Each structure stands twice: as structure tokens, then as C-alpha cells.
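Residue 60 in UniProt numbering sits at position 60 of the sequence shown; the count goes up by one each step and never skips.
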Amino acid sequence: MSTEIIAPQQWQTQRWQNGGGITHQLCRQDDELGMLWRLSIAEVASDGPFSRFDNIDRIILLLEGNGFSLHGVGANPQLLDTPLTPFAFAGETAIHCSLINGAVRDFNLMTRRAAVQAQLQVLTIGSAAQTLPLSAQTLVYVASGRVNAVIGAKHITLQAQHTLSLTNESNSLQISSSDSAQVVYICLAANQ
């Protein structure tokens, strides 16, 4: 069992080889075959292709900016111009991203298809405490506002852009907010 709070100062930042943006890795887990899962935030400054990730499922959502279109995911481009609206696609898909009036910041969850099953929800948290079930790996990213979290006897305050990572916790998680916080709530479990 472990509880970790990941602040922006702990993110691992890397510039893209094509110069079109920056990736901030929030957290990840690997095994002997490589990446099992990864949470990241990208700052996309220009149009361009997405990197290819074989055997990886991806969920992406807009955090800031006017949005972007993904070309290659179907007959028509997929428009992502509403913040915190998840879109799932296969990492092998050849995708070209077109920005809408300027740079964007997006949130990404990647999971190895054969090994990890992911559920992602965007929740608005109010003053009444919500009880969230926990999985083998539970992640809560605070997109806006401030969140009070209770896990067993632990009381934690999470600021915007902080991530709560819970591994094999047996207690439930209760969260509340005095300012209508928005969170990305993720449950990861091993495929059976």
C-alpha cells in the first residue's frame, strides 16, 4: 500500500524531437517489457504528427487552449475543443494533430493493451463528500480547484495540477471541495 502526492515540480519534462511541443510525465509504471501505464501532460505548440505507440491504448483530453483536431482516427477528423472531454484511440493509429487558434495543453493516459485495463472519468467535486472505489492503482488528477481527500485516517489537501497516486490501498477514498473542483479519476487494473 502506498499513497503519493505528485506536484508539478516533480514532473519529468522532455522536449519533443520535432520541436513541436513538450511532454511532462507525471507518473508511470514499467515492468520487464517496458511501459505498463503512463500519465502525462503535453504542451502542443504547433501542428504535427503524434508519436506512434504500438500495443498502447490512449485516452486524451483538452486541458487548456482552443482545442485541436485529430486526423486519421476515422472518416472525419475528431474535434477536441471542449475541455475535459475524454477521447480514446489506439496508439498505433497514424494521427496528425491540427491546432485551433493557438497552442494547447492536453492530458494523456497510456496503458499497455494486453496488460492493463483503464477506466477514466472526469468528475466535478462539490462540498458533499463523494466516495470513490479504489483499484490496484488509482490516480486522481486535480484539473481545477482544490480537493480534500480522506483515505482511512489520512487527510490530504490537493491543489490544482497535483496528482494523488494510490497503490493497493484497501480503504475507500472520499473527496470533497469547497470550490467545485474538477478531477480526472482513473482506475487501473491488471487484465485477467
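In this text, a Cβ means the ideal position worked out from N, Cα and C, and glycines have one as well. Note that the structure is predicted; figures quoted are calculated from it, not measured.
Check                                                                                                                          : Outcome
Separation of valine 147 from glutamine 182, as counted between CA atoms                                                       : 9 Å
Cβ neighbour criterion (16 or more within 10 Å) applied to histidine 162                                                       : buried
C-alpha gap between phenylalanine 68 and isoleucine 100, whole angstroms                                                       : 5 Å
Local conformation of proline 8 per DSSP, three classes                                                                        : helix
Neighbourhood of proline 133 by C-beta distance below 7 Å, restricted to the same chain and skipping five residues each side   : Ser172
Leucine 70 CB to nearest heavy atom of the ligand MG below 6 Å                                                                 : In terms of ligand content, the structure shown is empty, and the ligand MG therefore cannot be addressed.
Nearest to alanine 19 (by Cα), restricted to the options Ser46, Phe107, Pro86, Leu139                                          : In the sequence on display, residue 19 carries glycine and not alanine. Ranking Ser46, Phe107, Pro86, Leu139 by Cα distance to glycine 19 puts Ser46 first.
Where the beta strand (DSSP E) containing leucine 158 begins and where it ends                                                 : 154-158
Straight-line gap, proline 83 to leucine 63 (C-alpha atoms, nearest Å)                                                         : 5 Å
Nearest-angstrom Cα separation, counted from glutamine 137 out to glutamine 121                                                : 15 Å
Inter-stretch contact (C-beta, 8 Å, three-pair minimum) for the segment 71-89 and the segment 147-159                          : no
Span separating the alpha-carbon of histidine 71 from that of serine 98                                                        : 8 Å
Test item: CB-CB of glycine 48 and alanine 103 under 7 Å                                                                       : no
Backbone CA spacing between alanine 128 and arginine 105 [nearest angstrom]                                                    : 30 Å
For glutamate 43 and glycine 21, believed in contact at Cβ under 8 Å, the rounded distance                                     : 5 Å
Nearest residue (CA-CA) to glycine 34, options Ile56, Arg15, Ala94, Phe107                                                     : Ile56
Three-state class that DSSP yields for serine 176 in the structure shown                                                       : strand
Cut-off 7 Å between Cβ atoms - residues of its own chain near serine 165, not counting five sequence neighbours on either side : Glu4, Ile6, Cys27, Leu139
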